[in-house]
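Under my numbering, think of the first position of the sequence shown as 1, with each following residue one higher. From the three backbone atoms N, C-alpha and C, an ideal C-beta is built for every residue, glycine too. Okay, structure first, notes after.
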Amino acid sequence: MDVLIALGTNAAYFYSVYTVIRAASSPDFECTNFFETSAMLISFMLLGKYLEVLAKGKTSEAIAKLMNLALETAILLSLDEEGNTISEEEVDSRLIQKNDIIKIIPGAKVASDGFVLWGQSHINESMITGEARPVAKRKANAVIGGTVNENGVLHIKATKVGSESALAQIVRLVESAQMAKAPVQKFADRISKYFVPLVIMLSFSTWLAWFLTGKFHGYPESWIPSSMDGFELALQFGISVMVIACLCALGLATPTAVMVGTGVGASLGVLIKGGQALEGAQKVNCIVFDKTRTLTVGKPVIVNTRLLKNVVLHEFYELVAATEANSEHPLAKAIIEYMKRTLHGQKHVTSSL
1 MDVLIALGTN AAYFYSVYTV IRAASSPDFE CTNFFETSAM LISFMLLGKY
51 LEVLAKGKTS EAIAKLMNLA LETAILLSLD EEGNTISEEE VDSRLIQKND
101 IIKIIPGAKV ASDGFVLWGQ SHINESMITG EARPVAKRKA NAVIGGTVNE
151 NGVLHIKATK VGSESALAQI VRLVESAQMA KAPVQKFADR ISKYFVPLVI
201 MLSFSTWLAW FLTGKFHGYP ESWIPSSMDG FELALQFGIS VMVIACLCAL
251 GLATPTAVMV GTGVGASLGV LIKGGQALEG AQKVNCIVFD KTRTLTVGKP
301 VIVNTRLLKN VVLHEFYELV AATEANSEHP LAKAIIEYMK RTLHGQKHVT
351 SSL
């Protein structure tokens with residue numbers, strides 16, 4: 001399709017240049033030029049490409065968020081033969097090599113994929129799996145780069161770094177989905193293998209037919225403008241066939257539809273990976289949803305409390321809030337959030353079961 005557009009725009013442009021030169025050298029020469037045709041063809045195609053880039057920009061925001069999960073620096077450990085720590089060094093996470101030993105402190109992100117050599121902790125993997133509940137990790141358990149260490153100190157051995165990490169694979173998956181063409185675009189590319197040569201032959205045949213017809217006086221000479229000859233008239237018809245056959249509709253309509261569809265989806269909280277997914281959605285007759293962070297907010301929330309004996313509810317809430325105040329556990333955070341909402345304006349209330 002791009003070949004056809006290039007041929008059509010160049011033919012129209014250079015013919016127009018020819019007519020301008022003829023008009024400048026011959027005051028009696030009158031002929032239509034096609035400068036606006038070349039400009040409009042290119043403008044339509046560039047507009048289609050621009051709309052396509054806008055649609056991909058929605059997904060690029062998701063890629064940027066994924067890239068932000070990666071840790072910038074990591075604590076690299078040097079161990080002796082007995083496994084004792086000799087030294088600690090803060091290094092750029094991009095310099096981590098396979099089999100390096102890394103220290104993960106509480107609240108820090110895991111620098112790379114690997115497994116636990118020493119220590120016990122809970123890892124928040126919600127940014128990868130969507131599950132808010134921390135996963136207990138101990139010796140020999142696998143960890144994923146970009147996840148967050150909740151409490152204990154861990155020593156991990158890196159097994160997958162750089163492009164091999166799970167985070168990098170997810171980013172590549174989203175990027176490949178961006179680059180994938182919609183089925184209708186693939187269809188246009190397939191037919192262009194036959195369509196482009198056919199149009200070129202048809203354009204040439206049109207020019208040749210009109211030229212030979214005029215050469216042998218097959219049509220009245222009054223059809224030819226006074227300032228033109230049969231060759232120039234035939235050339236106009238040949239160029240017109242080539243320009244009209246350009247598939248601007250597919251080049252503009254498909255990116256426009258993808259942009260509108262992805263834009264509406266993004267406004268409703270749905271990330272559409274590209275035109276292929278959008279076009280295939282019309283065939284869907286059954287949808288299976290992941291619950292966590294899709295149909296729910298992705299974190300625990302307290303909706304109600306019940307007490308087993310007569311107590312002052314206000315005092316009970318204060319005791320629970322004080323107990324959980326310094327905990328990083330998601331359930332503790334849910335309790336603190338609930339206590340803040342409840343204690344705000346809460347009066348002394350006695351509750352019993």
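Item: Contact the region 211-221 vs the region 12-21: 3+ CB pairs below 8 Å; Value: no
Item: Unbroken beta strand (DSSP E) run spanning residue 88, endpoints; Value: 85-92
Item: Inter-residue spacing [alpha-carbon to alpha-carbon] between residue 16 and residue 256; Value: 31 Å
Item: Any 3 or more C-beta pairs closer than 8 Å across the region 281-288 and the region 125-139; Value: no
Item: Same chain, Cβ closer than 6 Å to residue 265, five either side skipped, listed in chain order; Value: 272
Item: Reduced DSSP category for residue 77 - H, G, I as helix; E, B as strand; rest coil; Value: strand
Item: CA-to-CA distance, residue 37 to residue 170, given in whole angstroms; Value: 44 Å
Item: Closest by C-alpha distance to residue 26, when choosing among 118, 228, 47; Value: 228
Item: Residue from 155, 148, 45 whose Cα sits closest to the Cα of residue 85; Value: 155
Item: Backbone secondary structure at residue 335 - three-state DSSP; Value: helix
Item: From 98, 118, 93, residue whose alpha carbon lies closest to that of residue 109; Value: 93
Item: Residue 291 versus residue 133: straight-line alpha-carbon distance, rounded; Value: 14 Å
Item: Residue span of the alpha helix (DSSP H) that contains residue 320, given as start and end; Value: 313-324
Item: Assigned secondary structure, residue 213 (DSSP; H/G/I helix, E/B strand, else coil); Value: helix
Item: Top-ranked residue by Cα proximity to residue 95, from 8, 342, 75; Value: 75
Item: Identity of the residue in 117, 98, 121 nearest residue 106 by Cα; Value: 121
Item: Nearest residue (CA-CA) to residue 113, options 311, 329, 340, 141; Value: 141
Item: Endpoints, alpha helix (DSSP H) assigned at residue 230; Value: 230-244
Item: Inter-residue spacing [alpha-carbon to alpha-carbon] between residue 118 and residue 328; Value: 21 Å
Item: Proximity test, residue 333 beta-carbon vs the ligand FAD heavy atom, cut-off 7 Å; Value: Here there are no bound small molecules, and the ligand FAD is not part of this structure.
Item: Best match in 80, 98, 338, 4 for proximity to residue 301 [C-alpha to C-alpha]; Value: 338
Item: Proximal residues to residue 91 (C-beta, below 7 Å), its chain only, five neighbours per side dropped; Value: 73, 74, 76
Item: CA-to-CA distance, residue 236 to residue 208, given in whole angstroms; Value: 11 Å
Item: Boundaries (first-last residue) of the alpha helix (DSSP H) holding residue 358; Value: Since the first residue shown for the chain is 1 and the last is 353, residue 358 is missing from the structure and cannot be characterised.
Item: Spatial distance of residue 150 from residue 183 (CA atoms); Value: 45 Å
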